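Novice: The following block contains the structure, expressed as structure tokens.
Number of protein chains: 2
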Amino acid sequence: MLEPGATIGILGGGQLARMLAMAGARLGLKSHIFSPAASEPAFDVCAARTIAAYEDQDALGKFADSVDVVTYEFENVPAATADFLAARKPVRPNPRVLALTQDRLIEKRFVQSLGIETAEFADVADAGALARAVARLGRPSILKTRRLGYDGKGQIMLQGGADLAATFRALGGVPCILESFVPFAKEISIVAARSLDGEFRAFDVCENVHEHHILATTTVPAGLAPETAAQAADIARKIAEAADYVGILAVEMFLIEQQSAPTERLVVNEIAPRVHNSGHWTIDGASTSQFEQHMRAIAGWPLGETRRHGRAVMKNLIGEDASRWREILREKGACLHLYGKTEIRPGRKMGHVTYVVPETK
Amino acid sequence: MLEPGATIGILGGGQLARMLAMAGARLGLKSHIFSPAASEPAFDVCAARTIAAYEDQDALGKFADSVDVVTYEFENVPAATADFLAARKPVRPNPRVLALTQDRLIEKRFVQSLGIETAEFADVADAGALARAVARLGRPSILKTRRLGYDGKGQIMLQGGADLAATFRALGGVPCILESFVPFAKEISIVAARSLDGEFRAFDVCENVHEHHILATTTVPAGLAPETAAQAADIARKIAEAADYVGILAVEMFLIEQQSAPTERLVVNEIAPRVHNSGHWTIDGASTSQFEQHMRAIAGWPLGETRRHGRAVMKNLIGEDASRWREILREKGACLHLYGKTEIRPGRKMGHVTYVVPETK
Chain Y
1 MLEPGATIGI LGGGQLARML AMAGARLGLK SHIFSPAASE PAFDVCAART
51 IAAYEDQDAL GKFADSVDVV TYEFENVPAA TADFLAARKP VRPNPRVLAL
101 TQDRLIEKRF VQSLGIETAE FADVADAGAL ARAVARLGRP SILKTRRLGY
151 DGKGQIMLQG GADLAATFRA LGGVPCILES FVPFAKEISI VAARSLDGEF
201 RAFDVCENVH EHHILATTTV PAGLAPETAA QAADIARKIA EAADYVGILA
251 VEMFLIEQQS APTERLVVNE IAPRVHNSGH WTIDGASTSQ FEQHMRAIAG
301 WPLGETRRHG RAVMKNLIGE DASRWREILR EKGACLHLYG KTEIRPGRKM
351 GHVTYVVPET K
Chain L
1 MLEPGATIGI LGGGQLARML AMAGARLGLK SHIFSPAASE PAFDVCAART
51 IAAYEDQDAL GKFADSVDVV TYEFENVPAA TADFLAARKP VRPNPRVLAL
101 TQDRLIEKRF VQSLGIETAE FADVADAGAL ARAVARLGRP SILKTRRLGY
151 DGKGQIMLQG GADLAATFRA LGGVPCILES FVPFAKEISI VAARSLDGEF
201 RAFDVCENVH EHHILATTTV PAGLAPETAA QAADIARKIA EAADYVGILA
251 VEMFLIEQQS APTERLVVNE IAPRVHNSGH WTIDGASTSQ FEQHMRAIAG
301 WPLGETRRHG RAVMKNLIGE DASRWREILR EKGACLHLYG KTEIRPGRKM
351 GHVTYVVPET K
């Protein structure tokens, strides 16, 4: 159990690290940000920063010496970096979680091994394997690189007639996974935490709407049947326990509506071993934010309450959306968050705005 | 009107500056902290810091060059410092406000000039003046230094029989003010903001309980008659308008209960030209925090909503109280704030905890 005044090392310096650092500061925890980038949103709110490559062992060693625990804001931390740090200081969530989530094929196999439904999938090592996979899973289906995809990057939807060999080459000829298309009614996510003691607490399930493969809006509650919401929490708990997880994790799922009972079915799409964009509403809309919850968990502290203050809608401010800040500042009930990014670029997450409306029973 | 990405210069680096910097960061504003102290709570959450004396014009000049607007977390900013900076960048609230609030005698005269009631008072330049003042105001009464008092420092209660010359010497023989003792039913405060456009918004009136002259607990709402609460807001508005104030100000008042109508009467005790300890509950209990409200005002932005989420109680964690952090982390509904101060000292404000309970109508 860390004491207040302890230093949290955070790999990555983007908006997630920035909001983690602020949540830590509220609790009297200092943050030390490690990032290869010279200018990062989190640098404005941290006690210390290291600008160095993730492969720079000298810098990593000094970083490890200066912190009490290490966490990360993104799942693509190089395995060697995580292992190097884990030999020196606790890394939470543990590096094994990175191995499970950096590779879509390993992740899906792990989820299935827990008896949790995923889309059907196939290992696609080469163009020949792709042809066989398409023959089995049919179309539409989605070809994704096993590693390093996000926000729709590294994936292609296969409709009828696509040239398979060309599609495989378009993704760089790297190891891929083919996933059957899931005809979902809603995309949902659950953001949950597990403490060092094994306590588990989930925020209410959110509904997410993506535009151009980037999260546009999160609404909570998601309007699920109570048993479906309970099942979502149960899925997150199973995953967290199987991975001996400590911190916040998010599980993105598809909700399928069907005629026969149960009328709602959940299919896991992806695990994010970190605080998640669909949990940003918790800053303004829940008694503990996902960022504070993560800091509590990795500090070995008890988890906070996850009670909602009301119905919450979070809208991402992507690219030029952020130039609406003047207008948003005047909107009733709008909580504006800007990430301090100097340059507006298309598709870039510049900030978000949360609206919380008290619920009438 | 500043743009996001602008830099706010803050004089002082304590917990108020720390919470201001975090509120600014949420809105995409950077903070540059200026303080003579080598280690400060706000240094952990700011984009830039200057450690230099308030008289160091070279450092002040560079600081002014690097920021877009200057504000302060304490009213005892030396006048020369404020004037030096105001010649280079906007200082908000304006330096005239400092002159009005650094000297209890000037402050009380200013308040009275607005037709607002204060305790009776007398200018005490020397021991002879003290004897005359006591003859006029009677006992109990309170002798205070005109300048630089806080948290009960620089004041002595005069009961019957006290040796007046010795009491005057005990405060250092400096210019003083004698105030008649106000037999209050409650101590209250109002925290309010005025924008660059002259818009005025007040948070709900709080009741404050002091222990050993240090704020112990703030409770909101204060349970006043509606017309008394309206009068409190009106007092704050008059003061803000007369001072051409921009930012958050707090007005501490005594509530007197009396037999004849009106049964509640307000007497102004003190003006704080800054965010105030009795406004800390707004971080967790109001739609906009006092810190965000201050940052909005000094950035030339519109003010945010001041709606309460419920009934709020804020308890300061003074000295050893802070060692209760483990316990507080487990308390239902407790929002813990620690200021990152490394050393616990008696009387030192180490943090606070806020409890917000939804109100049933």
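Those protein sequence lines, which keep their order, are chains Y and L. The letter at position 324 of the first sequence is residue 324 when you use the UniProt record's numbering, and the numbering goes up by one with no holes. The letter at position 27 of the second sequence is residue 27 when you use the UniProt record's numbering, and the numbering goes up by one with no holes. We put the beta carbon where it would ideally sit given N, CA and C, even for glycine. Being a predicted model, the structure only gives us computed values, none of them experimental.
Against S287 (chain Y), what residues of chain L qualify as contacts under a CB-to-CB distance less than 7 angstroms, listed in chain order?
Specialist: G333, listed in chain order.
Novice: If we count the other Cβ atoms within 10 Å of its Cβ and call it buried at 16 or more, is Q159 (chain Y) buried or exposed?
Specialist: With fewer than 16 other Cβ atoms within 10 Å, it is exposed.
Novice: Determine the contact status of L114 (chain Y) and I239 (chain Y), defining contact as a CB-CB distance below 8 angstroms.
Specialist: Yes.
Novice: Give the single residue among Y:T219, Y:V124, Y:P95, Y:D197 whose Cα lies nearest to the Cα of G172 (chain Y).
Specialist: Answer by Cα proximity: Y:V124.
Novice: Is V134 (chain L) near the ligand SAH, judged by its Cβ being under 7 angstroms from some heavy atom?
Specialist: The ligand SAH is not part of the structure shown, which contains no ligands of any sort.
Novice: Under 8 angstroms Cβ-Cβ, which residues of chain Y neighbour L27 (chain L)?
Specialist: Under the 8 angstroms cutoff, chain Y gives L336, H337, L338.
Novice: Leaving out five residues on either side along the sequence, give the residues of the same chain with a beta carbon under 8 angstroms from the beta carbon of R26 (chain Y).
Specialist: Closer than 8 angstroms at the Cβ level, and outside the excluded window around R26 (chain Y), lie E292.
Novice: Find the nearest neighbour of N277 (chain Y) within the set Y:P78, Y:V357, Y:R18, judged by alpha-carbon distance.
Specialist: The shortest Cα separation from N277 (chain Y) among Y:P78, Y:V357, Y:R18 belongs to Y:R18.
Novice: For the segment 32 to 47 of chain Y, which residues have a CB atom closer than 8 angstroms to at least one CB atom of chain L, in sequence order?
Specialist: If the cut-off is 8 angstroms between Cβ atoms, the segment 32 to 47 of chain Y has F43, D44, V45, C46, A47 near chain L.
Novice: Got a sec? Which residues, its chain only, sit under 6 angstroms from M314 (chain Y) by beta carbon, not counting five neighbours each side?
Specialist: Only T218, H280, W281, H352, T354 meet the Cβ criterion.
Novice: At 7 angstroms on the CB atoms, spell out the chain Y contacts of G5 (chain L), in chain order.
Specialist: G340, T342, listed in chain order.
Novice: Assuming F63 (chain L) and G9 (chain L) are in contact, meaning their beta carbons sit under 8 angstroms apart, how far apart are those beta carbons, in whole angstroms?
Specialist: Contact holds; Cβ gap of about 6 angstroms.
Novice: Could you pull the start and end residues of the alpha helix (DSSP H) that H294 (chain L) belongs to?
Specialist: H294 (chain L) -> alpha helix (DSSP H) spans 290 to 298.
Novice: Consult DSSP for A86 (chain L) and reduce its assignment to one of helix, strand or coil.
Specialist: Helix at A86 (chain L).
Novice: Where does S323 (chain Y) sit, in a helix, a strand or coil, going by DSSP?
Specialist: Here S323 (chain Y) sits in helix by DSSP.
Novice: Assign F184 (chain Y) to one of three DSSP states: helix, strand, or coil.
Specialist: Coil, per DSSP.
Novice: Going along the chain, which unbroken runs of the beta strand (DSSP E) with 3 or more residues stay wholly within the segment 16 to 60 of chain Y?
Specialist: The qualifying runs are 30 to 35, 48 to 51.
Novice: Compare the C-beta of W281 (chain Y) against all C-beta atoms of chain L and say whether one is closer than 8 angstroms.
Specialist: Closer than 8 angstroms: no.
Novice: Would you say H309 (chain Y) faces chain L, with C-beta separation under 8 angstroms as the test?
Specialist: Output row for H309 (chain Y): interface = yes.
Novice: Beta-carbon separation of V275 (chain L) and L85 (chain L) under 8 angstroms?
Specialist: No, they are not a contact pair.
Novice: Is the beta carbon of G285 (chain Y) closer than 8 angstroms to that of A250 (chain Y)?
Specialist: Taking 8 angstroms as the Cβ cut-off, A250 (chain Y) and G285 (chain Y) do not qualify as a contacting pair.
Novice: Candidates Y:D126, Y:A119, Y:Y245, Y:T306: which alpha carbon is nearest I142 (chain Y)'s?
Specialist: Here the closest residue by C-alpha is Y:A119.
Novice: So, does the segment 128 to 140 of chain L touch the segment 106 to 113 of chain L, judging by three or more C-beta pairs under 8 angstroms?
Specialist: Taking 8 angstroms as the limit for Cβ pairs, the verdict is that the segment 106 to 113 of chain L does not touch the segment 128 to 140 of chain L.
Novice: Would you mind listing the alpha helix (DSSP H) stretches within the segment 300 to 355 of chain Y that are 4+ residues and don't spill past its ends, in chain order?
Specialist: Correct list: 325 to 330.
Novice: Can a CB atom of chain Y be found closer than 8 angstroms to the CB of L329 (chain L)?
Specialist: Closer than 8 angstroms: yes.
Novice: Please tell me whether P302 (chain L) has its Cβ less than 8 angstroms away from any Cβ of chain C.
Specialist: Of the protein chains in the structure, Y and L, none is chain C.
Novice: Tell me, to the nearest whole angstrom, how far the beta carbon of F121 (chain Y) is from that of E179 (chain Y); I am working on the premise that it is less than 8 angstroms.
Specialist: Confirmed, about 5 angstroms.
Novice: Taking the alpha carbon of L29 (chain L) as the reference point, which residue from Y:L336, Y:Y72, Y:K186, Y:L137 has its own alpha carbon closest?
Specialist: The option with the nearest alpha carbon to L29 (chain L) is Y:L336.
Novice: Would DSSP call D103 (chain L) helix, strand or coil?
Specialist: Strand at D103 (chain L).
Novice: In this structure, does DSSP put S141 (chain L) in helix, strand or coil?
Specialist: In this structure, S141 (chain L) counts as strand in the three-state DSSP scheme.
Novice: State the DSSP-derived secondary structure class of T7 (chain Y), mapped to helix, strand or coil.
Specialist: In this structure, T7 (chain Y) counts as strand in the three-state DSSP scheme.
Novice: Alpha carbon to alpha carbon, how far is P4 (chain L) from V45 (chain Y)?
Specialist: Near 15 angstroms, if we compare the C-alpha coordinates of V45 (chain Y) and P4 (chain L).
Novice: Can you grab the Cα-Cα spacing for the pair A38 (chain L) / A48 (chain Y), in whole Å?
Specialist: If I take the Cα positions, the gap works out to 15 angstroms.
Novice: With distance defined between alpha-carbon atoms, name the residue in Y:H212, Y:L196, Y:Y339 nearest to Q155 (chain Y).
Specialist: Closest option to Q155 (chain Y), Cα to Cα, is Y:H212.
Novice: For M22 (chain L), go through chain Y and note every residue whose CB falls closer than 9 angstroms to its CB, in chain order.
Specialist: Near M22 (chain L) (Cβ distances below 9 angstroms), the residues of chain Y are M22, A25, R26, V45.
Novice: Using the three-state DSSP reduction, which class does A232 (chain Y) fall into: helix, strand or coil?
Specialist: Residue state, collapsed to three classes: helix.
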